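S.K.: Residue numbering for the sequence shown follows our numbering, beginning at -2 and increasing consecutively. The beta-carbon is built from N, C-alpha and C at its ideal position, and this holds for glycine as well. Nothing here was measured: the structure is a model prediction, and the numbers come from that model.
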Amino acid sequence: MSTVLAVAFSALLAGLGGALVPRWVARLPEPEPDPALVEKEGPKPLYVDLAARPHLGAGAVAIAALSGAIVGWAVGWDWPLVYLVPLVPVGVLLAYVDLRTRLLPSIVVVPTTVVALVLVVAVSAVEGDGDALVRALVGLVAVRSFFWVLWWVRSAGMGFGDVRLSALLGLVLGHLGWGQLLVGTYSSFLLFGVPGLVLAVARRDRALLRTPYPFGPAMLAGALLGVAAGAWIWSHLVAGGA
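#1: How big is the Cα-Cα spacing for L91 and A220?
#2: Using only the alpha-carbon positions, how far apart do V89 and L217 sit?
#3: I need the straight-line Cα distance from V117 to D95, nearest angstrom please.
#4: What span of residues does the alpha helix (DSSP H) with Y93 cover, start to end?
#5: I need the DSSP call for F186, collapsed to helix, strand or coil.
#6: Which stretch, first to last residue, makes up the alpha helix (DSSP H) that contains R20?
#7: On the criterion of 16 or more Cβ atoms from any shown chain inside 10 Å, does A71 qualify as buried, or is it exposed?
#8: Have a look at L63 and G69 and give me their C-alpha separation to the nearest angstrom.
#9: Taking R161 as part of the alpha helix (DSSP H), name the residues at either end of that continuous run.
#10: Please classify S(-1): is it buried, with 16 or more other beta-carbons within 10 angstroms of its beta-carbon, or exposed?
#11: With DSSP as the reference, label A215 as helix, strand or coil.
#12: Using the beta-carbon count (16 or more within 10 Å), is L84 buried or exposed?
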């Protein structure tokens, strides 16, 4: 019964948050244009135009509600819903904006990370689970450091917005468990790389492998997979059922 309640509660609240996505997108401040990027790819679509796209509201509600239901099913009626459910519509917003612009606005990512950190600390205190808090902080630092190294080595293939987002995802996945953290992080690379590789092979076009694609949606989808199945995958397929 508690799982059913968690699914319904999470889907409802996440769906309501998803309904606000068009309004949030329209209110995003426009970044300073990069002349080199504008010359190469043309001007960035305006956020107000992206917010006015047909069916954005309905699509955001549907995706947020489904993702919320998955989170509720995976976590159950438990304290982590306090920080996970509000992140769902934010994730939908970030995925949409990144898909359209290859940008992850810091004005969204940074405050969300701060709020998530406060909620994670509060949940850890209520549960009396200091180990989970330490794991969350390790996840934040480790995953962000890993992504920063990737950005520093090959910044052309990854934006710094991905580095910022990795801190947020490392924090919440780490609080849930090592399996969720490792599977959620690793699967983002699979979800990002495998479809592009398959498409390049199918079309026999190596140039597709050098085409820049937004990484944020794959990171968010990987995080959702980590929440939903990270513990099971880690214990059964990686740790040998230990």
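M.R.: Quick answer:
#1: 13 Å
#2: 9 Å
#3: 26 Å
#4: 78 to 98
#5: helix
#6: 18 to 23
#7: buried
#8: 10 Å
#9: 157 to 173
#10: exposed
#11: helix
#12: buried
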